[in-house]
Every structure is written in C-alpha cells, then in structure tokens.
Amino acid sequence: MEILDKLEIIKNRWEEIGDKMNDPDVMTDVKKFVKLNKDYRELEPVVNAYKEYKNILANIENTKEVLNTEKDPEFKEMAKEELEELLPKKEKLEENIRLLLIPKDPQDSKNAIVEIRAGTGGDEASIFAGDLFRMYQKFCESKKWKVDIVNISEGTSGGFKEIVFNVTGDGAYGIMKFESGVHRVQRVPKTETQGRIHTSAASVAVLPEADEFDIELHDRDIRKDTYCSSGPGGQSVNTTYSAIRLTHIPTGIVVTCQDEKSQIKNLAKAMKVLRSRLYEREYAKYLEEISSKRKTMVSTGDRSAKIRTYNWPQGRVTDHRINLTLYNLSAIIDGDIQEIIDKLQMAENAERLKEEVEGL
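Here the sequence shown is numbered in our numbering, starting from 343 and rising by one per residue.
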C-alpha cells in the first residue's frame with residue numbers, strides 16, 4: 343500500500359473519531375470518551391504530517407511544471423532553487439512519517455510509577471539511590487511533570503534504601519521507561535579513608551500507571567492493614583494510624599504508603615501502585631515477547647540488566663545499551679538526561695522500523 347493511501351485511511355479514521363466524540367451518547371460514557379480522546383490525540387501528529395506532506399507534493403508538482411513550461415530564465419532559475427529546497431524536505435518528512443506509522447506502545451501515553459532501590463554497596467548505594475531520585479526530580483521539573491512520593495525508606499547515612507514515586511505528565515511513561523534497569527556508580531565514598539574508588543549500584547523500575555479500566559480489583563482480594571507512620575513526617579508520626587499496607591491475596595503483592603498524613607490519601611496512592619504492579623506482570627510478558635523478536639532499549643527491570651555507569655573520577659556517564667559515553671556527569675546527575683533518552687528513543691525506533699521492514 344502506498345504511503346498516501348495509508349495516510350488517507352488514518353485521516354478518515356481520525357475524522358470519524360472526532361465525529362464520535364461529539365455524539366451525546368458517547369459523551370456520557372466516560373470510559374468510551376476517554377478511549378476515543380486518547381486515540382484522537384495519538385493520530386493527530388500523523389494527520390498533521392499528512393497535510394504537510396500533501397502540500398509539499400503539490401508544490402513539487404507545480405514547480406516541475408514551471409520548469410517544463412516557463413520560458414523566462416530568471417523564473418526557471420527560481421523554480422530550480424525552490425525544487426532543490428523541497429526535495430530534501432520531502433525525504434525528511436517521509437522518514438518522519440515512516441516512524442509515525444510504526445505502531446506505538448499503547449503504554450507510552452500513561453503516567454509512570456518509579457521505584458528506586460539501593461543495591462550492592464551498603465550506605466553508598468543508598469546515597470546513590472538518593473542522587474538518582476534527585477536527578478529524576480530535576481528532570482521532571484524541566485518537563486513540568488508532577489512528582490508525588492508514595493513511599494520512602496531512608497538510608498542510615500542519607501539517601502534511600504527505597505523510594506517509590508508517581509510521575510504525572512503527558513507521555514511520562516514513554517520517556518521514563520528507558521531508565522529501567524541497574525545503575526552503577528564508581529566513586530570514592532565519603533566514608534572511605536584510603537581514597538579508594540568503590541562500585542555501588544541501585545536498581546530502577548519504571549511501571550506504566552494502570553488506569554481503573556486496565557485492572558479490575560475486588561475488595562475480597564485485598565487485605566488492608568493500617569499502622570503508624572515512621573521516619574520523616576513531623577508531629578503525626580506514631581500518633582495516627584495513617585499508613586496503609588495493602589496485600590493482594592491471589593498474588594501476594596504487598597504495597598505500602600505512608601507519605602500522606604491522611605489515611606484516605608495514602609489508600610488512594612497505594613491502590614494506584616497496586617493496580618500498576620498487577621498490570622506490570624502482564625506488561626513484563628509483553629516486553630519479553632518483544633525482546634525475543636528484536637533488540638529493545640527498554641529493560642524489564644531485571645536486576646542483572648546493568649544499563650548505565652556513572653564514573654565520578656572521570657566525570658563520565660556510559661549507557662551500555664547503545665555504547666554511548668558522555669563527559670558531562672555533573673549536568674546529567676543534575677537532571678539533564680534528555681540527550682541520553684533521545685538517543686535511546688532513536689535506537690528503539692530504528693529497531694522497530696527494521697522489524698516492520700522485515701515483516702513486510
């Protein structure tokens with residue numbers, strides 16, 4: 343099928359969805375309207391690219407006609423220059439459209455739940471987990487995304503043994519998912535008296551936040567326990583039973599939340615994480631299925647999957663999935679990770695495009 347035919351079908355589908363969204367019956371069905379609105383927004387970039395592509399093709403045809411029929415040398419020269427500008431634009435847009443036409447991961451538009459856990463390295467690993475949290479916090483600030491802490495277990499010398507937080511923002515999961523895996527740090531710990539470089543690690547798991555529509559939870563399957571908050575939290579610590587522990591009986595998954603002073607707010611956060619943990623079980627199967635077909639830049643969160651090394655003495659950050667080394671560690675640890683993510687996305691798109699071509 344020609345690229346224009348494919349784009350015409352997508353444009354017709356986009357217009358059809360727009361019409362359905364204005365149907366009063368659909369507008370009263372929240373679940374259906376949310377789904378249609380999501381589909382509409384996802385197709386819009388393709389439709390806009392199609393309109394631009396048609397416009398460029400029309401301009402190329404008009405310019406070629408001028409070159410074939412125009413007698414005035416000055417006009418012909420102008421047309422030739424315009425054609426030389428239009429042809430590279432057409433090629434670049436075709437490449438962009440090919441990427442847009444690759445089926446998207448339906449999870450990419452979701453919010454994200456991020457879990458950082460200190461690994462090998464004792465106190466230094468906890469401190470590094472704290473560095474990673476600050477890096478993501480700064481990155482999310484730059485994207486105007488909201489970061490909402492769910493649960494914290496502090497390290498004895500700073501940082502965190504574990505921290506879980508929600509990231510709310512347009513396409514947060516589609517960007518943050520590349521951070522899943524084991525992050526290693528090589529530096530001299532503050533507690534090291536001999537000046538020796540130590541290697542420590544922290545694992546990062548990024549989950550797509552499950553909507554209520556994705557996972558159906560039954561009260562009979564959940565055991566809810568309340569207890570007093572511990573750690574930072576001011577006067578309310580150990581005075582009110584605001585902390586929540588949820589146990590999903592069929593799977594044994596346990597989720598805790600004690601960040602809020604309100605039990606109701608902690609319960610809402612814990613339910614959100616529980617849904618996403620259950621959803622992740624199915625999603626992990628999907629990622630494994632993908633990785634059996636092609637190389638993917640997205641890790642399943644396996645603790646053996648070392649994805650990145652931060653070397654303090656050399657000011658170096660290396661992403662092992664794409665053999666990328668950058669010498670701007672201080673900027674990266676301060677939240678400037680967009681360049682790394684862009685390159686990972688490009689590598690992922692190249693693999694997906696290759697898979698699409700091989701499947702033809």
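By construction, the Cβ of each residue, glycine as well, lies at the ideal position given by its N, Cα and C atoms.
His560 has no beta-bridge partner at all, per DSSP. C-alpha of Phe470 to C-alpha of Val527: approximately 7 Å in a straight line.
Within the same chain, no residue comes within 7 Å of Asn354 by CB-CB distance, once the 5 residues on both sides are set aside. A straight-line Cα-Cα distance of about 59 Å links Ile455 and Phe417.
In this structure, Leu474 and His540 do not form a Cβ contact; the two beta carbons are roughly 16 Å apart against a cut-off of 8 Å. Exclusion of the five residues before and after Lys348 leaves Leu443 as the residues of its chain whose Cβ lies within less than 7 Å of its Cβ. Burial is judged here by how many other beta carbons sit within 10 angstroms of a residue's own beta carbon; Ile351 has fewer than 16 and is exposed. Across the set Arg650, Gly463, Lys413, Met363, the C-alpha of Gly463 shows the shortest separation from the C-alpha of Lys532. Contact check for Leu588 and Lys566: beta-carbon distance about 6 Å, within the 8 Å limit, so the pair qualifies. The beta carbon of Tyr669 sits closer than 7 Å to those of Gly657, Arg658, all from its chain and outside the five residues before and after it, given in chain order.
The C-alpha of Arg694 is placed about 30 Å away from the C-alpha of Glu427.
Less than 7 Å divides the Cβ of Glu551 from the Cβ of Asn453.
With a threshold of 16 other beta carbon atoms within 10 Å, Asp447 meets it and is buried. With at least 16 other beta carbons inside 10 angstroms of its own, Lys614 counts as buried. Runs of the beta strand (DSSP E) lying entirely within the region 429-507, each at least 3 residues long, are 454-460, 488-496 in chain order. The closest CA to that of Ala647, considering only Gly461, Lys432, Asn390, Glu344, is found on Gly461. Under DSSP, Asn653 takes part in a beta bridge, and its partners are Gln528, Arg658. In the three-state reduction of the DSSP assignment, Ser672 falls in the helix class, which pools H, G and I.
When the Cα atoms are used, Glu690 and Lys696 turn out to be separated by approximately 10 Å. Counting along the chain, the unbroken beta strand (DSSP E) around Arg587 starts and ends at 585-590.
Here Ala544 is not near Ser522, since their CB atoms are 7 Å or more apart. If you look at Ala400, you'll find it in the alpha helix (DSSP H) that goes 372-411. In this structure, the straight-line span from the alpha carbon of Arg529 to that of Asp678 is close to 20 Å.
For Ser495, the closest C-alpha among the options Val506, Arg562, Glu424 is that of Val506. Closest in alpha carbon position to Asn508, among Lys519, Ser499, Thr498, Ile491, is Ile491. By the neighbour-count definition (other C-beta atoms within 10 Å, threshold 16), Thr405 is a buried residue. Under the 10 Å beta carbon count, Ile586 is surrounded by 16 or more other beta carbons and is classified as buried. Residues of the same chain with a CB within less than 7 Å of the CB of Lys431, apart from the 5 flanking positions on each side, are Ile398 in chain order. Tyr569 is classed as exposed because its beta carbon has fewer than 16 other beta carbons within 10 Å across all chains shown. Residue environment analysis places Ser484 among the exposed positions, since fewer than 16 neighbouring C-beta atoms fall within 10 angstroms of its C-beta. The three-state reading of DSSP puts Lys627 in helix, counting H, G and I together. Taking all protein chains in view, the Cβ of Gly537 is surrounded by fewer than 16 other Cβ atoms within 10 Å, so the residue is classified as exposed.
Within the same chain, and ignoring the five residues on either side of Gly360 in sequence, the residues whose Cβ sits closer than 7 Å to its Cβ are Tyr382.
With a 10 Å radius around the Cβ and a threshold of 16 neighbouring Cβ atoms, Ala391 comes out buried. Annotation for Ala514: the continuous alpha helix (DSSP H) segment containing it runs 514-518.
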